[in-house]
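**Student:** 97 is the number of the first residue of the sequence shown in our numbering; add one for each residue after it. The C-beta atom is built at its ideal place from N, Cα and C for all residues, glycine as well. I'd like to ask some things about the structure below.
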Amino acid sequence: MSLTPVETVRSPLKRFVQWWRGFAAMPLASEVGGVEANKIASEIGVSVPELEAVRHKGAAAAYPMYRRLASLGLDEERIARDEPGVLNDLQRVCSLCADKKQCLHELKADPNDPHWQDYCPNMPTFEALEAEKQGKSKD
């Protein structure tokens, strides 16, 4: 079954909201103390300062990453299931990216314009995921 354009956008947005709700429900590092903060950060593969920075950025911080996955035809559910560490890293890197405004503008204007590859810190990971997808489709 193929998704309509509206479903293609809603599906990543829905999953992003679910991810954010779980992430936002975690206590702040300053509320739990150093040892527990290190444990929480370690569980999701970030440093304590990165954990705090991502939380501070807010719910929309990683949204462009979900849009980019959809525009590239990459299956976010498969990545979450098979490579959760990769998805966590994509979320973290996107959340901390300084080019979010430009990214969102370009995703809206023309998601197929390759200019995003010049500034997106997740580009090498997206490229690897695309290569992996193409390798599996040849099998």
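Given a cut-off of 8 Å, decide if N218 and L170 are closer than it, judged by their beta-carbon atoms.
**Tutor:** Residue numbering aside, residue 170 sits at position 74 when the sequence shown is read from its first letter. Residue numbering aside, residue 218 sits at position 122 when the sequence shown is read from its first letter. No, Cβ-Cβ distance for L170 and N218 is not below 8 Å.
**Student:** Okay, do the region 139-157 and the region 189-197 touch, 3+ Cβ pairs below 8 Å being the bar?
**Tutor:** Segments in contact, yes.
**Student:** Could you check what DSSP says for S143 in three-state terms: helix, strand or coil?
**Tutor:** Counting from one through the sequence shown, the residue named residue 143 turns up at place 47. Here S143 sits in coil by DSSP.
**Student:** For E202, does the count of other Cβ atoms within 10 angstroms reach 16, so buried, or fall short, so exposed?
**Tutor:** The residue you call residue 202 lines up with position 106 of the sequence shown. By the 10 Å Cβ count, E202 comes out buried.
**Student:** What number of angstroms, rounded off, separates the C-alpha of D277 from the C-alpha of E132?
**Tutor:** What is shown of the chain runs 97 to 235, which leaves residue 277 out entirely.
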